[in-house]
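Participant: Mind having a look at this structure? Questions to follow.
Shown next as structure tokens:
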């Protein structure tokens, strides 16, 4: 079965996604602590402006404002009964804009983590997580999303739950994890382990990869790790615009549009086919990224040293895939 | 699972048993830790000695490996859970025997921030290191922190934020503490993914802690300094 994203992947070498959702909405006046998803109903013009910002800057695909739209997250705002309404509305606004655009634009229904720790370490069962994601997935589908876009996941169990939810909703999906701890996800998953995990799914994603995390350099190291592990599905690179810095009471990401343009080209050289930004990536960044991808040729796969020279250092010496990870201080003595 | 080379904890001498407990904490084996604690108590170890030498000593290794990217959140959660099993036995005994306090921390995510995994980890690791922890949960306004510090007679304030939009609120809390003249009564530690040392300094915190393990080490250092000052003063 084909869909808008598989069609675009078949006809294009690379696809540019959008950038930051949170950063942009906060700049429009969203208050810290408020659920951005409420704006899908209460401030539709601002959500329209968010999506248009990406489309006008040259993105081929944008994510809906539904990242925290699962029941577990909305519960923190006593809005857990509004999952269907808020997600459908967020997708509908996107659908309208995509249909009006003069070039093909994909509406990706954003699904973020539940924020709960999965069993057996924490309270959330895979079944309950699947149910929550499924509820959100159906609403995004109703609202006209072309594809589900699962992101910033740390636990393999949660990723699996999302894949089951996509299957239940009969939707194609893309899923990325956040590699923010010594090159691994918070739960310790390496890029290599993610490739193995994705390979075992009954309902595999159309593409998978990494988003958010630490900085652009780390993210590209992760993408190289996917490629080294023999990934066959298209890879996604959605990195932050540098690292947040506190300047006179405000937060600035230190990644300039020029740096993100270099990052986009290096991401493509590293093997990513779906490229975009995450936190701190504004339409200005996206414009430069688009121009760079359009005008600069695809180069050789970069060495880590080239990435470091262009984008800055890595957050850890090893990412757990090179055999150089430090050894445990205690051995298991039990049989 | 009974295995031929299964270890019988009660057969080990004190030194070997403590070493084995370090391994069992590392592997997150709660029942074995509980058994080890009971054996040491049965051998007339003071509860405080069991806590510091067996449990805190073991959790230090877990913390160091977490800091160095060798262990990750799942292993740390398991180790903390095993530690908790041992602490449940020791807690009433520690109070009875008048054991010295490691220190008390009030912790919570700041107003507007609902992301609590990092904060929970710090709480667990601090408990694992023998500190008392009062968890205020998420989304705390300045009044909530201030009230809890007084009510709990706390030594340390821990604030956490995951969002770049909520981290500036930490400064609001510290500024209020300065205005009311209580800033220097407490050790203030801040943490969260988007923060860094520069930020910690800029807002007037005592330290920025990169992760839960660093939080524990930093808290220990500041508590030691505090005790020295009291002794000197």
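Residue numbers (the working numbering), protein chains in the order written: chain B, 11 to 345; chain R, 7 to 239.
In this text, a Cβ means the ideal position worked out from N, Cα and C, and glycines have one as well.
#1: In this structure, how does DSSP classify residue 183 of chain R when only helix, strand and coil are distinguished?
#2: Nearest to residue 214 of chain R by CA position, among R/16, R/198, R/66 and R/117, is which residue?
#3: Along the region 189 to 204 of chain B, what residues have a CB closer than 9 Å to any CB found in chain R?
#4: Determine the burial state of residue 236 of chain R: buried for a count of at least 16 other Cβ atoms within 10 Å of its Cβ, exposed for fewer.
#5: If the criterion is Cβ atoms closer than 8 Å, does the pair residue 195 of chain R and residue 119 of chain R meet it?
#6: In the DSSP assignment, find the beta strand (DSSP E) that holds residue 284 of chain B and state where it starts and stops.
#7: Are the beta-carbon atoms of residue 157 of chain B and residue 121 of chain B separated by less than 8 Å?
#8: Please confirm whether residue 319 of chain B and residue 299 of chain B have their CB atoms less than 8 Å apart.
#9: Would you say residue 125 of chain B faces chain R, with C-beta separation under 8 Å as the test?
#10: In whole angstroms, what separates the C-alpha of residue 23 of chain R from that of residue 179 of chain B?
#11: State the DSSP-derived secondary structure class of residue 210 of chain B, mapped to helix, strand or coil.
#12: Once DSSP output is grouped into helix, strand and coil, what is the label at residue 155 of chain R?
#13: Apart from the five residues on each side of it in sequence, which residues of its chain come closer than 7 Å, Cβ to Cβ, to residue 335 of chain B?
#14: Note down, in chain order, each residue of its chain lying with its Cβ closer than 6 Å to the Cβ of residue 193 of chain B, except the 5 sequence neighbours on either side.
#15: Can you give the Cα-Cα distance for residue 71 of chain B and residue 41 of chain R, rounded to whole angstroms?
#16: Where residue 254 of chain B and residue 202 of chain R are concerned, what is the direct C-alpha to C-alpha distance, given to the nearest angstrom?
#17: Looking only at its chain, what residues have a beta carbon closer than 7 Å to the beta carbon of residue 82 of chain B, apart from the 5 residues adjacent to it on each side?
#18: Rank B/134, B/103 and B/197 by C-alpha distance to the C-alpha of residue 151 of chain B and give the top, closest one.
#19: Could you tell me how far apart the beta carbons of residue 75 of chain B and residue 60 of chain B are, in whole angstroms, since I believe they sit closer than 8 Å?
#20: Just to confirm my understanding: we take residue 210 of chain R, look at its own chain, exclude 5 residues before and 5 after, and list those with CB closer than 6 Å. What are they?
#21: Taking the CB atoms as reference points, tell me whether residue 308 of chain B and residue 264 of chain B lie closer together than 8 Å.
#22: Considering just the uninterrupted stretch of the beta strand (DSSP E) at residue 245 of chain B, what are its terminal residues?
#23: Take residue 71 of chain R and list the residues in its own chain whose beta-carbon comes closer than 6 Å to its own, dropping the five residues that flank it on each side.
#24: What does residue 131 of chain B reach in chain R if we use C-beta pairs closer than 9 Å?
#25: Against residue 2 of chain B, what residues of chain R qualify as contacts under a CB-to-CB distance less than 7 Å, listed in chain order?
#26: Assign residue 220 of chain B to one of three DSSP states: helix, strand, or coil.
#27: In this structure, how does DSSP classify residue 161 of chain B when only helix, strand and coil are distinguished?
#28: So the candidates are R/159, R/191, R/95 and R/141; which of them puts its Cα closest to the Cα of residue 44 of chain R?
#29: Would you mind giving the Cβ-Cβ distance between residue 28 of chain B and residue 73 of chain B, rounded to the nearest angstrom? I have them listed as a contact below 8 Å.
#30: For residue 234 of chain R, does the count of other Cβ atoms within 10 angstroms reach 16, so buried, or fall short, so exposed?
#31: Just the C-alpha distance for residue 127 of chain R and residue 83 of chain R, rounded to the nearest angstrom, thanks.
#32: Can you have a look at residue 37 of chain B and say buried or exposed, based on whether 16 or more other CB atoms are within 10 angstroms of its CB?
#33: Counting contacts by CB-CB distance shorter than 8 Å, is residue 36 of chain B in contact with chain R?
#34: Need the endpoints of the alpha helix (DSSP H) that residue 115 of chain R sits in, please.
#35: Any beta carbon of chain B sitting closer than 8 Å to that of residue 161 of chain R?
#36: Flag residue 75 of chain R as yes if its beta-carbon sits less than 8 Å from any beta-carbon of chain B, otherwise no.
Facilitator: So, from the data block:
#1: helix
#2: R/198
#3: 190, 191, 192, 193, 194, 195, 196, 197, 198 and 199
#4: exposed
#5: no
#6: 282 to 287
#7: no
#8: no
#9: yes
#10: 54 Å
#11: coil
#12: helix
#13: 328
#14: 326, 329 and 330
#15: 57 Å
#16: 9 Å
#17: 124, 125, 126 and 142
#18: B/103
#19: 6 Å
#20: 180
#21: no
#22: 245 to 249
#23: 77
#24: 79, 80, 83, 84 and 87
#25: Residue 2 of chain B falls outside the range modelled here, since chain B spans only 11 to 345, and no answer is possible.
#26: strand
#27: strand
#28: R/95
#29: 6 Å
#30: exposed
#31: 8 Å
#32: exposed
#33: yes
#34: Premise fails: residue 115 of chain R lies in the beta strand (DSSP E), 110 to 115, not in any alpha helix (DSSP H).
#35: no
#36: yes
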